[in-house]
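Residue numbers (my numbering): 939 to 1781.
Below, the structure written as structure tokens:
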């Protein structure tokens, strides 16, 4: 069998390369499409599993490494190939694998976390992600194993098999390829049994698959009764483990032959199998009698249970204690620890709890509104207390957004997608983040003559959202205007287009267009007289980008008005809660309250996750990393940003370059500037290709700051000057860029040249009242430039004011550790305080 691992050692349980699937073509080729959107890295399954990369493919489907955005852990997601949904035998095999693995809870059997079905009928299976070698790879690299090492693997594997047998399950395909030597973070090797696709659920009245005349299994490890399609029981697994044990101790298989027919003939012949002590090293000879009994063709002579076989091996070794293996520094090497007592291994990722499949798993699974079914659903919210509504009879009730994760009302697909409806396919592609497919299908829909304005409006809306997330802001703005022109004014779809128009204008730096949208939203409320959740989401989006455009007073008003309406309305949906938290976080960072910013972006993550909006949840996870960066907790920032980048990168979302740039900047603060700067430079190229001026300016500032850290002040001047030019219409970004420019000029001894950019940066700061990044640096360099040009009294006054503001911000941070890192680990803050102490004395 082939190699199932990727290059990084992640293993896809139960998939083999020699069962390769045909390539999937994600390109729509005609108006008559396939019934589902082919999935690839970057798409989303079941509202929460973001596919990151293909691990392996096989006859039943494809296995992806995925990120569970709800639990925040890596998993392996096996997706059945859609054309097998009409093959009862393949569906039964897929279900059997899930049912068998989920029935057994044992640390040496792969954990099944979830099972469900997509709209197209294809099942998916979510398992723990195992990182490590297969036993086959280990044997190929090492040859015969020493008895200590062999038993360190065999004993836990046999214990897992015994647990399966106790649950009425016969594996029927035990072999080195189906044992993973998983590495835990603490260094232990945990053997894991995988691939229960051929497992027999031992239940009265159910016929064995082998009795149907099918040869299922791997011939080299099949028991004689399995080859002859006779009735089998748990002793078939005892035989298979006898073959595996023989191979581990000797380096060869007991039944070698050219061709399948000769191999099977040897297995069922009356000739005794070769003795282990004839082919194995001398250290393995004591195990020969136990292995010979496991390979007895007469079932009455074979071990009755796998535990009997295990105990015989341990007794031959001279003891009965179990063994634990430890990972060597080289992951390709297994280190046998000798005889040691087993200790429990607790790892939140590798040893996630197993959840039983529901009753009636063999029955058809119903589809939910989003097209997926999850085995384990969270409990429904508690009903309101009796009389709760009577106590507040005049509370206004907001018209909620649709329950679906999509923003457009009434356009969700139910059941299978209509193969003749490209708009439905476009929406389905958007749901799973297949953004290029969403754009293509929407364009196909727009080319169909005679379509209604409602259908065309939906197609334009899909284009708007997909293009926005791909960073195509100019195209997204035009598509949004087309969608709004065709949708009922004030509807959910209209607001979705409006909100993405706001986002596009924000990233394009179109302050004038943003302010016009504020007037439009106010006018709409006056005309309609009704405020919906969608309306308040639009207000929150406007608030964020109006603040970033340098009009914080207006942005605060929009956000606070929305917050007061929500407070009066009581219960609102998670999507609105998330946007409200994001808007209030924007206010917090501009008011210089990084602790409040952190709390609010974490609340936004929770809200978007609850709303199954993985894209926006990922944006807010990036902001969590930025919050830690503002607090000087650069190690935590790197951890959070790496996670966000890991999800966003295969999805190719628009904010990815800035998340990468922030990661590079944090790495530089940890002394890893040689690693951080190339990350920023690569992100800059992407931002330039997308004409994303706001993020390009921010990345240029990060690059300039790292150049200054490295002592290249000339390079910092060039980069900062370019950043200031790119941020011409973005006052907060321009202020930061000018401050970095002035600081670099001062470092080069050009005090007069530094005064102008320092003064302009301070004027932006005074007018806005605060900026997202660079507040302390802006105030410091103005004082330094004034001091260097002879304006001593004003310089001292400005520096004293800067210190006072910084300490006021620090006083808002309740956690003493974060307060200390905010003042001592952020270089600009530490430098400001040190300079003020030198000029003005202690605070």
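Note that CB positions come from ideal geometry on N, CA and C, so glycine has one too.
- It is roughly 12 Å from the alpha-carbon of residue 1053 to the alpha-carbon of residue 1014.
- Annotated as proximal: residue 1716 and residue 1673, with beta-carbon spacing under 8 Å.
- In the DSSP assignment, residue 1117 falls within the unbroken beta strand (DSSP E) covering 1117-1121.
- By the Cβ test, the region 1412-1422 is not in contact with the region 1461-1469, since fewer than three Cβ pairs between them sit closer than 8 Å.
- In terms of Cβ geometry, residue 1657 and residue 1641 form a close pair [threshold 8 Å].
- Contact between the region 1162-1179 and the region 1095-1115 is present: three or more C-beta pairs spanning the two stretches fall below 8 Å.
- Beta-bridge pairing by DSSP links residue 1062 to 1017 and 1054.
- Scanning the region 1517-1592 from its first residue to its last, the whole alpha helix (DSSP H) runs of 4-plus residues come out as 1532-1548, 1552-1568 and 1572-1589.
- Secondary structure at residue 1003: strand, using DSSP grouped into helix, strand and coil.
- Segment contact: the region 1550-1559 against the region 1574-1592, three or more CB-CB distances shorter than 8 Å; contact assigned.
- The three-state secondary structure of residue 1729, taken from DSSP, is coil.
- Inclusion of residue 1560 and residue 1526 in the CB contact set at 8 Å is not warranted, their separation being larger than that value.
- Annotation for residue 1440: the continuous alpha helix (DSSP H) segment containing it runs 1430-1446.
- Counting every other CB atom within 10 Å of its CB across the protein chains shown gives residue 1114 a total of 16 or more, marking it as buried.
- For residue 1646, the enclosing alpha helix (DSSP H) has its first and last residue at 1631-1647.
- Residue environment analysis places residue 1026 among the exposed positions, since fewer than 16 neighbouring C-beta atoms fall within 10 angstroms of its C-beta.
- In this structure residue 1601 is not in contact with residue 1562, their Cβ atoms being roughly 13 Å apart against a cut-off of 8 Å.
- For residue 1238, there is no enclosing beta strand (DSSP E), as DSSP gives it neither H nor E.
- Assigned with DSSP and collapsed to three states, residue 1763 falls in coil, not helix or strand.
- Nearest to residue 1624 by C-alpha distance, out of 1723, 1495, 1598 and 1774, is 1598.
- With respect to the 8 Å criterion, residue 1474 and residue 1514 are classified as neighbours on the basis of their beta carbons.
- Distance check between residue 1106 and each of 1039, 1058 and 1094 places 1039 closest, using alpha-carbon atoms only.
- Looking at the backbone, the Cα of residue 1621 and that of residue 1406 are separated by about 18 Å.
- Rounded to whole angstroms, the separation of the alpha carbons of residue 1565 and residue 987 is 25 Å.
- In the same chain as residue 1042, and ignoring 5 residues on each side of it, the C-beta atoms closer than 6 Å to its own belong to 1101, 1102 and 1105, in chain order.
- Per the Cβ contact rule, the region 1214-1222 is not in contact with the region 1157-1169 (fewer than 3 Cβ pairs under 8 Å).
- Around residue 1224, the same chain offers 1254 as residues with beta carbons nearer than 6 Å, after the five sequence neighbours per side are excluded.
- Taken through DSSP and simplified to helix, strand or coil, residue 1068 comes out as strand.
- Rounded to the nearest whole angstrom, the CA to CA distance from residue 1676 to residue 1666 is 11 Å.
- Of the residues assessed, residue 1006 falls on the buried side of the cut-off, its CB having 16 or more other CB atoms within 10 angstroms.
- Going by C-alpha positions, residue 1392 is about 28 Å away from residue 977.
- With contacts defined by Cβ atoms closer than 8 Å, residue 1637 and residue 1670 do not form a contacting pair.
- If you draw a 10 Å sphere on the C-beta of residue 1700, you find 16 or more other C-beta atoms in it, and that means buried.
- Per DSSP, the unbroken alpha helix (DSSP H) holding residue 1227 starts and ends at 1226-1232.
- The region 1712-1729 and the region 1759-1778 touch, with three or more beta-carbon pairs separated by less than 8 Å.
- Taken through DSSP and simplified to helix, strand or coil, residue 1251 comes out as helix.
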